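Residue numbers (this note's numbering), protein chains in the order written: chain S, 217 to 416; chain B, 217 to 416; chain A, 56 to 325. To start, the structure itself, in structure tokens.
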Amino acid sequence: MSEQAETLSPQNEEAAVPVDAAQFKQVLEAALLTTQEPLSLAELKKLSDTPLDNKFVEELLEQLVQDYADSGVELGRVANGWRFRARPEMQVWLDRLNPQKPPRYSRAVMETLAIIAYRQPVTRGDIEEIRGVVVSSQILKTLEARGWIDVVGTRDVPGKPSLFATTKQMLDDLNLRSLQELPSLEEMSGLLEQDEQAAS
Amino acid sequence: MSEQAETLSPQNEEAAVPVDAAQFKQVLEAALLTTQEPLSLAELKKLSDTPLDNKFVEELLEQLVQDYADSGVELGRVANGWRFRARPEMQVWLDRLNPQKPPRYSRAVMETLAIIAYRQPVTRGDIEEIRGVVVSSQILKTLEARGWIDVVGTRDVPGKPSLFATTKQMLDDLNLRSLQELPSLEEMSGLLEQDEQAAS
Amino acid sequence: MTETAQPANPVAHIHGEPLLEMPQDLYIPPDALEVVLETFQGPLDLLLYLIRKHNLDVLDIPMAQLTQQYMSYIDMMQRHRLELAAEYLLMAAVLIEIKSRMLLPRPPKANEEEGGEDPRAELMRRLLEYEQMKLAAQKLNELPQAGRDFELVQVLIERTVVERLPNVAVEDLRQAWLAILARAKQNAHHKVRREELSVRERMTHILRTLRHGEFEAFENLFDANGGIPQLVVSFIAILELAKETLVEITQSETLGNIYVRASRNLVAAE
């Protein structure tokens, strides 16, 4: 990739066979590209028959760093030696090759969100009454951290419980313009009535 | 690594955001260098937001082949797609870093593989008939574990014996694109040629 | 594994000495014979070796000679009590059978189908096919193999762990709500009221507007551009908020301006 290598010669003058710098650079490159773990200078020197000077190897490594300056990967020095890695900005693209399934919210989180969406503003007590179970603060924190619910006030009863409502961001994230675009409750009660009929 | 990329533009002219060829080449390079398995054209195209023409991607791949012409690794096409490998002439040096070599396969394993490769799909009985000896299950297991053969069906005779065929991975591991690239059988009538020579 | 048995190659090495031919009378260490046996992949392989070694014509095999050669190997193996695969003995029987059939005069036209065929044809076909596959195996083995003859490139990719957030679709909300309704129905004492969602949304909107804690003109809480249904919804929302004591509504004089503000404690919570 670079012609500079030819002009270098190993420090060790008494070496019987002078090391062909260009060729040795290829070997270094192949070794570094086929190994995920960093390779120390000592290990890289094992790739040559001739004993090599650290400086000679380091200069070739610096040349490789330059050779890859415009590429999608970069050669760098870490604690244990030298290694190639994909440039961090490539990750967002490379992730497309192995798309992971997105995680899902638990039923408790989804029901809490539904209650807040349809019955807002509601207190934790309201949610608990509707769900029939205790609502952990973790659930509310999850939804608040996501920016989907916030506290819009407190109810004027003993304990002054916080009133939760959904945010505009929740609408944006669900691709809704307003809460009215949520499936209407009438539709659902229709389903419920169907169930009742089926049950009777 | 190469400046040519800038002058290319994707075939798809109506694309809202024109693909920056130089940047996309970096993404291709990073993807191919970080993945041991070959990447198909379809997979590589997933790396772009814009729908891309095969030819556009192939031209960038050819540029990458050129970019690495003088390096210790090479980009090439095999059965499952494109992938980088260290040049085979580097192996003698790279073995110094990793002294344990994978075991060489026995003649029995290689003959079984050859029969499956050239006569596929074949049953174990077919293989035994050609080799004139019992084929141990260990041999087939060895080849299956390597991912070189698999069962592609059963023959419709009593006992429903499994039909074996070679996989694309076998071709990949031998750096081949298709079964046609296997050494041709015509060259392998050693006995006959010898006889003809002896007879004349 | 051991090298293939080539005609020029010794059958085995004993104490470093190449053993080109099986000595007839000398004592052969069983180890050496085992090597011989292991060298061959089976009876076909052994036959091929004999054919090549004695320069026989595979298209016109002298059966007497080949059978004799083969039998002497088998005898030797058996004399040394080496475990001989059944295939070797079966092949011996096949060879003898072919040999005897060749000695018999061919029945004239008695058996049109088989009668004309050379008894060696099947053996010949099998030998040629096996040899082809044997050579193919050698060629395959000569092809560079990943991991053995070349390394695959794999550069590290450091994946910074980006926290992936669950996707929620409207349908998920619907399902969640349906689940609540279904449960509520089971516990009959819970009454889940059906209510206009737009009123609820408007209530939240008004509460947000009043967050500053100051009085807001009543008319400012209405969006004149929203149409009459919107005005009605806003009005009901304010009444609902007042009912739930979430807002205070004041009017200093009859027909004067009406002002609304969030309940004191509601603002304090901010």
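Cβ coordinates follow ideal geometry from the N, Cα and C atoms, glycine included. Keep in mind it's a predicted model, so treat the numbers as computed, not measured.
One or two residues paired with residue i in a DSSP bridge
i              : result
Y21 (chain A)  : Nothing about residue 21 (chain A) can be reported from this structure: the residues present for chain A run from 56 to 325 only.
I346 (chain S) : Answer is none; I346 (chain S) lacks a bridge partner.
D366 (chain B) : B:A381
F205 (chain A) : A:A201
L291 (chain B) : B:F300
L255 (chain S) : S:W298
L211 (chain A) : S:R301
V447 (chain B) : It is not possible to answer for residue 447 (chain B), since the shown part of chain B is limited to 217 through 416.
Proximity below 7 Å, CB of residue i to CB of residue j
i              : j              : result
L263 (chain B) : R312 (chain S) : yes
L265 (chain A) : F277 (chain A) : no
L336 (chain B) : G363 (chain B) : A quick correction: the sequence has Gln, not Leu, at residue 336 (chain B). Not closer than 7 Å, so no.
G288 (chain S) : Q316 (chain B) : no
N381 (chain B) : I355 (chain B) : Rather than Asn, the amino acid found at residue 381 (chain B) in this sequence is Ala. No.
L105 (chain A) : Q124 (chain A) : yes
W298 (chain B) : L249 (chain B) : no
L257 (chain B) : N270 (chain B) : yes
A330 (chain S) : L228 (chain A) : yes
Y284 (chain B) : E275 (chain B) : no
P304 (chain B) : P199 (chain A) : yes
M258 (chain A) : A292 (chain A) : yes
I346 (chain B) : E184 (chain A) : yes
F205 (chain A) : R301 (chain B) : yes
P174 (chain A) : I153 (chain A) : yes
V368 (chain S) : L301 (chain A) : no
T383 (chain B) : D372 (chain B) : no
M126 (chain A) : M157 (chain A) : no
L395 (chain S) : E256 (chain A) : yes
G348 (chain S) : P377 (chain S) : no
Residue i at chain D interface by Cβ criterion, 7 Å
i              : result
K262 (chain B) : Judged by its chain identifiers, the structure shown contains no chain D, and its protein chains are S, B and A.
Pairwise C-alpha distance: residue j and residue i
i              : j              : result
V210 (chain A) : V235 (chain B) : 25 Å
N296 (chain B) : Q96 (chain A)  : 33 Å
P374 (chain S) : I304 (chain A) : 21 Å
M131 (chain A) : L121 (chain A) : 16 Å
G292 (chain B) : E253 (chain S) : 24 Å
L387 (chain B) : V294 (chain B) : 7 Å
A201 (chain A) : M326 (chain B) : 15 Å
L359 (chain S) : S353 (chain S) : 10 Å
Y143 (chain A) : V273 (chain B) : 57 Å
H260 (chain A) : D265 (chain B) : 38 Å
Y321 (chain S) : L220 (chain A) : 9 Å
S400 (chain B) : V350 (chain B) : 26 Å
N312 (chain A) : Q306 (chain A) : 6 Å
S289 (chain A) : N314 (chain S) : 49 Å
A141 (chain A) : L99 (chain A)  : 13 Å
N280 (chain A) : W232 (chain A) : 32 Å
N391 (chain S) : A333 (chain S) : 14 Å
L379 (chain S) : V254 (chain A) : 16 Å
E271 (chain A) : I283 (chain A) : 21 Å
L139 (chain A) : E93 (chain A)  : 11 Å
V338 (chain S) : S318 (chain A) : 16 Å
A237 (chain S) : L277 (chain S) : 11 Å
L244 (chain B) : Q282 (chain B) : 14 Å
D389 (chain S) : L398 (chain S) : 13 Å
T328 (chain B) : Q239 (chain S) : 39 Å
A246 (chain B) : A247 (chain S) : 17 Å
A361 (chain B) : T251 (chain S) : 24 Å
(request) Scan the region 285 to 296 of chain B for residues whose Cβ lies nearer than 7 Å to a Cβ of chain S and list them as they occur along the chain. (result) D286, S287, G288, V289
(message) By the 8 Å beta-carbon criterion, what residues does the region 345 to 373 of chain S contribute toward chain A?
(response) E345, I346, R347, G348, R362, V367, V368, G369, T370, R371, D372
(request) Take every Cβ of the region 297 to 312 of chain B, pair it with every Cβ of the region 141 to 154 of chain A, and state whether three or more of those distances are shorter than 8 Å. (result) no
(request) Identify each residue in the region 384 to 396 of chain S for which the Cβ-Cβ distance to at least one residue of chain A is less than 9 Å, and report them in chain order. (result) M386, D389, L390, N391, L392, S394, L395, Q396
(message) What are the residues in the region 194 to 218 of chain A lying within 8 Å of chain S by C-beta distance?
(response) E206, L207, V208, Q209, V210, L211, I212, E213, R214, T215
(request) Determine which residues of the region 306 to 338 of chain B have a Cβ less than 8 Å from any Cβ of chain S, and write them out in chain order. (result) M306, W309, L310, R312, L313
(request) Pull out every residue of the region 180 to 194 of chain A whose Cβ sits closer than 9 Å to any Cβ of chain B, in chain order. (result) R181, L182, L183, E184, Y185, E186, Q187, M188, K189, L190, A191, A192, Q193, K194
(request) Return the residues of the region 285 to 300 of chain A that lie within a Cβ-Cβ distance of less than 8 Å from chain S, sorted by chain order. (result) E299, T300
(message) Taking beta-carbon pairs under 9 Å, can you tell me which members of the region 269 to 284 of chain B lie near chain S?
(response) D283, Y284
(message) To be precise: take each residue of the region 259 to 281 of chain A, compare its Cβ to all Cβ atoms of chain S, and keep it if any distance is under 8 Å. Which residues remain?
(response) T259, L262, R263, R266
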